[in-house]
Amino acid sequence: MDLSKFIRDVPDFPKKGIIFKDITTLLKDKKAFKEALMQLYTQVSHLEVDKVVAIESRGFIFGSLLAEKFNAGLVLVRKPGKLPAEKIHESYLLEYGEDSLEMHVDAINPGEKILIHDDLLATGGTVEAVCKMVERLGGEIAGIIFLIELTFLKGREKLSKYNVQSIVKYDAE
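Residue numbers for the sequence shown follow the working numbering, so the first one is 50 and each next one is one higher.
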């Protein structure tokens with residue numbers, strides 16, 4: 050199934066000049082939703098995974114389902130001020146500004162095998178920040194999986210030392 054047919058382009062969101070890849074149109078179609086999970090899992094099913102790290106907020110959707118399929122724990126990475134306990138923090142640049150993320154300090158134990166999931170790879174700054182936090186806590190990154198990759202933004206280059214997979218690739222804006 051060609052999942053790109055279920056992903057809607059929203060021009061000028063969140064700011065002028067950006068074409069937002071909206072996955073809500075994929076999520077509302079039960080066959081496309083199930084197929085997306087199957088394709089994501091198939092790409093990484095050979096990995097040993099103790100925990101899936103899912104990035105706010107669209108990453109939570111498939112991240113939680115992947116954690117269940119791996120019989121693994123789920124770690125949520127959130128924007129500042131959203132996690133209640135002691136946390137670590139990492140700032141990063143994205144294609145339309147700067148942001149930061151947080152993770153609980155007790156989320157990952159040293160030596161745990163980690164699969165990182167987010168819905169979209171653009172410039173790579175978000176996931177690069179998450180990788181830094183995972184490694185700071187002693188986690189070993191087994192792989193990184195995205196539903197969508199905007200290849201023309203070359204985010205994969207920032208993640209070249211990791212096993213990076215994606216399902217739907219867009220080669221031009």
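We put the CB at the ideal spot given by N, CA and C, even for glycine.
Give the straight-line distance between the Cα atoms of residue i and residue j, rounded to the nearest whole angstrom.
i      : j      : result
Leu199 : Asp155 : 32 Å
Met182 : His166 : 14 Å
Ala191 : Val93  : 9 Å
Leu76  : His138 : 30 Å
Val34  : Leu170 : Absent from the structure is residue 34, since the part of the chain shown begins at 50 and ends at 222.
Glu117 : Gly66  : 37 Å
Asp168 : Met87  : 14 Å
Glu151 : Pro129 : 6 Å
Leu164 : Ile193 : 6 Å
Ala178 : Ala121 : 22 Å
Tyr211 : Ser140 : 20 Å
Leu96  : Thr74  : 29 Å
Glu105 : Pro159 : 23 Å
Lys79  : Met50  : 13 Å
Thr91  : Val213 : 13 Å
Return the chain-ordered list of same chain residues with a C-beta closer than 8 Å to the C-beta of residue i, the five sequence neighbours on each side being excluded.
i      : result
Tyr219 : Ser53, Lys70, Ile197, Glu198, Leu199, Thr200 and Phe201
Glu189 : Gly160, Glu161, Lys162 and Ile163
Cys180 : Ile165, Ile190, Ile193, Leu208 and Tyr211
Mind reading off the beta-carbon distance from residue i to residue j? Whole number of angstroms is fine, and I expect it under 8 Å.
i      : j      : result
Lys136 : His153 : 5 Å
Within this structure, are the beta carbons of residue i and residue j separated by less than 8 Å?
i      : j      : result
Leu115 : Ile157 : no
Ser209 : Phe195 : no
Val217 : Ile68  : no
Leu142 : Gly174 : yes
Leu125 : Ala103 : yes
Val98  : Phe119 : yes
Applying the 10 Å Cβ sphere with the 16-neighbour rule, what's the burial state of residue i?
i      : result
Val59  : exposed
Ala81  : buried
Phe62  : exposed
Glu161 : buried
Ala85  : buried
Can you find the residues in the same chain that come closer than 6 Å, C-beta to C-beta, to residue i, ignoring five residues on each side of it along the sequence?
i      : result
Leu123 : Val101, Ser113 and Ala116
Lys207 : Gly173 and Glu177
Using a Cβ-Cβ cutoff of less than 7 Å, which residues in the same chain neighbour residue i once the five nearest sequence positions on both sides are dropped?
i     : result
Lys83 : none
Using a Cβ cut-off of 8 Å (strictly closer), state whether residue i contacts chain B.
i     : result
Val93 : Absent here is chain B; the protein component of the structure consists of one chain.
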